[in-house]
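What follows is one structure encoded as structure tokens, with my remarks underneath.
There are 2 protein chains.
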Amino acid sequence: MIQSMEERRTIRKYTHQDVSSDMLNNLLRVAFRASTMGGMQLYSVIVTRDAAMKEKLSPAHFNQPMVKTAPVVLTFCADFRRFSQWCEQREAQPGYDNFLSFMNAATDTLLVAQDFCTLAESEGLGICYLGTTIYNSDKIIDTLQLPELVFPVTTITVGYPAEIPAQTDRLAFESLIHEEMYHDATPEMINEVYAQKEAMEENRKFVEENGKKTLAQVFTEVRYTKDANEAMSKNLLESLKRQGFIK
Amino acid sequence: MIQSMEERRTIRKYTHQDVSSDMLNNLLRVAFRASTMGGMQLYSVIVTRDAAMKEKLSPAHFNQPMVKTAPVVLTFCADFRRFSQWCEQREAQPGYDNFLSFMNAATDTLLVAQDFCTLAESEGLGICYLGTTIYNSDKIIDTLQLPELVFPVTTITVGYPAEIPAQTDRLAFESLIHEEMYHDATPEMINEVYAQKEAMEENRKFVEENGKKTLAQVFTEVRYTKDANEAMSKNLLESLKRQGFIK
Chain A
0 MIQSMEERRT IRKYTHQDVS SDMLNNLLRV AFRASTMGGM QLYSVIVTRD AAMKEKLSPA
60 HFNQPMVKTA PVVLTFCADF RRFSQWCEQR EAQPGYDNFL SFMNAATDTL LVAQDFCTLA
120 ESEGLGICYL GTTIYNSDKI IDTLQLPELV FPVTTITVGY PAEIPAQTDR LAFESLIHEE
180 MYHDATPEMI NEVYAQKEAM EENRKFVEEN GKKTLAQVFT EVRYTKDANE AMSKNLLESL
240 KRQGFIK
Chain B
0 MIQSMEERRT IRKYTHQDVS SDMLNNLLRV AFRASTMGGM QLYSVIVTRD AAMKEKLSPA
60 HFNQPMVKTA PVVLTFCADF RRFSQWCEQR EAQPGYDNFL SFMNAATDTL LVAQDFCTLA
120 ESEGLGICYL GTTIYNSDKI IDTLQLPELV FPVTTITVGY PAEIPAQTDR LAFESLIHEE
180 MYHDATPEMI NEVYAQKEAM EENRKFVEEN GKKTLAQVFT EVRYTKDANE AMSKNLLESL
240 KRQGFIK
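Residue numbers (numbering that gives the first Met the number 0), protein chains in the order written: chain A, 0 to 246; chain B, 0 to 246.
Structure representation (structure tokens):
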């Protein structure tokens, strides 16, 4: 499994082979052994196989084709509802309608999601994370009918790989690690850290096709713009309020 | 590795054996292959080995002994600083001082943290997550000197196990999975889901020792109270503001 983690790549194209419920459930069952805050297991997983439901989810994920072409779509949700229901039935007043509790539940959720991916890949499946989940959480909440104190944190599409893309690059190890305390990078270090990424043929094309001067501009002006981020931040905070995690 | 994930337990007591830098770095290197938003790798890991630094971190983690007894303490931080510095050096205006960007970076960070745990455990190491990281983020920010757009998301203590505790319980699989959409639990289902947990000898003792009527009350009145959660939510939001992720 270390090898499959080292050789990891995101898979966006899947064969027509289905992922059996038995296999899926076995992988999820092991994933649920991930560490969890106070043993509370603050998550739920929504399994989407139905074509009509995929169709409904698709716009929330900006119509990325994986939502409709993957045999299985998993929406991993932070869930303080189950636990709070239990408290209410046991003469205990739950106090989890706040931002800290959301972060605790989101953390639990993401550890399980990543465990699931590691397990799925070790069994020959391919996965793709959809970061769009928190961009358009309101649409997902509506489609999956998520009640209060349940919030979609991430989505993973799953299937058998129909492609083996090249592995994506990673920054130099040293730039990601700090001994004892944070050591701010000098401009020279930043130049060095990003030099490899900037030199890649694929990225140079990317800059040219977008009519930009630098690769960084492709990120800030095309892919992840300030305006979009700020609008989506507002939506995200509103959705958290709607689901009862912020007052 | 599937086996080591199935047999997973949190390890809070460690032998005196050190974890070599080589081993630690190899595990982190593989962990950094985790999926990452747009290839941006929005995280940094602070490695604490120095006894004086552990001493300083300890109160932020409510003096849980693992901070001082583990050979290595890893603080996993959401980091949009490195990327933003690069943008600024490349005539690109970064737009990542917002809540959405924090969540994107926190997600990247937690996927790497969980990968690290899976890898460490498969090599015979034991780990413990410290949820206290976001309870007292301000203290950790000060101690590790985290600059703007860097935020501590979780902490993991690492060492060779000096104990093999019993595995903790997990809720019934069916209660965590929803087909196609969220199906709210009925009161009867909630009773069933938590019955096993409530019947455990250890938990019955827990209720008695705390002078409570139900196990849920131990959670709401002792372990994770509404007042504490609300106070820590306020601190967390203030820290996010201080680090530039909320306006």
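Every residue, glycine too, gets a C-beta built ideally from N, C-alpha and C.
Keep in mind that this is a model prediction, so the values were computed, not measured.
Beyond the five residues adjoining it in sequence on each side, B:Ser100 comes within less than 6 Å, by CB distance, of Phe79 in the same chain, given in chain order. When DSSP states are grouped into helix, strand and coil, A:Gly38 belongs to the helix group.
For B:Lys212, the nearest beta carbon of chain A is closer than 8 Å to its own beta carbon. C-alpha of B:Gln216 to C-alpha of A:Ala51: approximately 42 Å in a straight line.
Fewer than three pairs of CB atoms, one per stretch, sit closer than 8 Å, so the region 188-204 of chain B makes no contact with the region 32-48 of chain B. At a beta-carbon threshold of 9 Å, none of the residues of chain B lie near A:Glu201; the nearest stands roughly 11 Å away.
Within the region 147-233 of chain A, the runs of beta strand (DSSP E) at least 3 residues long that lie entirely inside it are, in chain order, 149-158, 176-178.
In chain order, Ile133, Ser136 place their CB closer than 7 Å to the CB of A:Leu235, counting only its own chain and leaving out the 5 sequence neighbours on each side.
Taking a Cβ-Cβ threshold of 7 Å, the residues of chain B close to A:Met36 are Gly130, in chain order. Cβ contact annotation for B:Met65 (same chain, cutoff 6 Å, sequence separation greater than five): Arg11, Cys127, Thr156, in chain order.
With a threshold of 8 Å between beta carbons, B:Thr106 makes contact with chain A.
Shortest Cα-Cα distance from A:Glu173 to any of B:Thr74, B:Met4, B:Ser43, B:Thr108 involves B:Ser43. In the three-state reduction of the DSSP assignment, A:Gly125 falls in the strand class.
DSSP, read as helix, strand or coil, puts A:Phe79 in coil. About 6 Å separates the Cβ atoms of A:Ile139 and A:Thr74, confirming a contact at the 8 Å cut-off. In this structure, A:Cys86 sits near B:Thr219, with a CB-CB distance shorter than 8 Å.
A distance of 8 Å or more separates the beta carbons of B:Met4 and B:Thr131. Distance from the CA of A:Phe61 to the CA of B:Ala198, rounded to the nearest whole angstrom, comes to 46 Å. Check the Cα spacing between A:Arg222 and each of B:Asp21, B:Leu129, B:Ala91: the tightest is with B:Ala91. Taking a cut-off of 8 Å for Cβ pairs, the region 139-151 of chain A and the region 166-180 of chain A do not touch, as fewer than three such pairs fall below it. Between the alpha carbons of B:Ser238 and B:Leu148 lies a distance of about 11 Å. When only Cα atoms are considered, A:Gly158 and A:Gln113 end up about 16 Å apart.
Residues of chain B whose Cβ lies closer than 8 Å to the Cβ of A:Ser43 are, in chain order, Leu175, Ile176, His177, Tyr181. Considering only B:Glu122, B:Lys196, B:Pro186, B:Glu178, the residue with the shortest C-alpha distance to B:Pro160 is B:Glu122. Residues of the region 89-105 of chain B with a C-beta atom less than 8 Å from some C-beta of chain A are Arg89, Glu90, Ala91, Gln92, Pro93, Gly94, Tyr95, Asn97, Phe98, Leu99, Ser100, Met102, Asn103, Ala105, listed in chain order.
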